[in-house]
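FYI, full-length UniProt numbering numbers position 209 of the sequence shown as 209, with every residue one higher than the one before it. Structure first, then comments.
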Amino acid sequence: METATPELTYGDIRNAAERIVGLTQPVTLMPIHPSPHVWLALEYIQHTGSFKARGAANFTTAHIEAGTMPEAGVVIASGGNAGLACAWAARSAGVRATVFLPETAPRIKVERLRSYGADVLLVGREYADALEASARFAEETGALLSHAYDNPLIAAGAGTLVPELVAGVPGKLDTIIVAVGGGGLFAGVATAAEEHGIRTVAVEPENCRALNAALEAGEVVDVPVDSVAADSLGARRVSATALATARRTGAFSVLVSDKAIIESRQALWDNFRIVVEHAAATALAALSTGAYTPAQDEKVAVILCGANTDPGDLV
């Protein structure tokens, strides 16, 4: 029997926004000059250095409120940022956190995780390996299994970013550009954007194209993972919720090269002294390459989603 795809609603996002008041920071917006109609959404200065804090705060608080947080705490698999957010939210709530990461995870993320008091275990070469290990751990210990992106509470938390963008951009915001990995941020953002009559542009690296491939195939499919942004966007498959959201909202799906991602990341440093992950630069690369070209007066917000990165390769 086929399992129904969980539908994310704007009501879920409203509930999440109420639940995380005072736990997360409102997004900061910065206009790019001389492009008065483009704003950078500086979500990389969110708690733990990425948007993931929103979903983690919503997930943890919702389970505590419902009395469904076990004594064994929470367990998650992550490329790094979701684990950081989970550990941060758990520590804030006095809950134990166990985080599984691939052995390829950046050292800076591993060290920060341990600084939040999480139990950190490195398994395999890809996110999928860590995910499998986290599921086994949950079965064996009774810990609550969270997910880096494929959970309605996580996606709803991510969507709380949109009402803040709407409130912060003068006049009517037309378009939000967002990088896509497994699809949690995308699903939340696109659902909330649809409510406000805003289009969503989903940007992926050419060799990490889980959503793009799913749209092409008409179903969720496995894809190869090979990109400079794979530590954050390296999901083998997008969530079914993200695919359903992309279809329902008519989101634009575009691809960018690793070269363009690297150049956009460098440009953010050169022009604004902004240091972000390659995943965050992926969203901006859609503009710099013309993969998405706004109309003359179109108001665009580009989400810079995370900054847990080693800046040593910026010149």
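Just so you know, even glycine gets a beta-carbon here, dropped at the ideal spot from N, CA and C.
Note on geometry: alpha-carbon atoms of Thr293 and Ala286 lie some 8 Å from one another. Take the alpha-carbon of Val315 and the one of Arg273: they are about 11 Å apart. Annotation: Arg236 is outside any alpha helix (DSSP H) and is labelled neither H nor E by DSSP.
For Phe51, no alpha helix (DSSP H) encloses it, and the DSSP letter there is neither H nor E.
A contact is defined here as three or more CB-CB pairs under 8 Å, and the region 92 to 108 fails this definition with respect to the region 211 to 224.
Going by beta carbons, Leu8 and Thr191 fall inside the 7 Å limit. For Val120, the uninterrupted beta strand (DSSP E) segment begins and ends at 119 to 122. With 16 or more other Cβ atoms inside 10 Å of its own Cβ, Ala77 counts as buried.
In the pairwise beta carbon analysis, the region 150 to 167 is classified as touching the region 236 to 244: at least three pairs are separated by under 8 Å. Counting along the chain, Ile198 sits inside no alpha helix (DSSP H), nor does DSSP assign it H or E at all. Under the three-state reduction of DSSP output, His37 falls in the strand class. If you look at Thr282, you'll find it in the alpha helix (DSSP H) that goes 278 to 288. Secondary structure at Ser92: helix, using DSSP grouped into helix, strand and coil.
In the DSSP assignment, the residues bridged to Val74 are Ala97, Leu144.
In this structure, the straight-line span from the alpha carbon of Glu103 to that of Arg112 is close to 15 Å. The C-alpha of Trp39 lies about 15 Å from the C-alpha of Pro26. Of Leu165, Ala128, Ala93, the smallest CA-CA separation from Tyr116 is found for Ala93. With a cut-off of 8 Å on Cβ pairs, the region 162 to 182 is not in contact with the region 67 to 77, counting fewer than three such pairs. By the neighbour-count criterion, in which 16 or more other beta carbons inside 10 Å mark a residue as buried, Pro311 falls on the exposed side.
For Gly218, the secondary structure class from DSSP, reduced to helix, strand or coil, is coil.
An exposed status is given to Asp297, since fewer than 16 other beta-carbon atoms sit within 10 Å of its beta-carbon. Going by DSSP, Val180 is part of no alpha helix (DSSP H) at all; its letter is neither H nor E. Taking one beta carbon from each stretch, the region 126 to 139 and the region 242 to 258 have fewer than 3 pairs nearer than 8 Å; the two do not touch.
As a beta-bridge residue in DSSP terms, Met30 pairs with Leu40.
If you check the CB distance, Ala57 and Thr160 do not come in under 7 Å.
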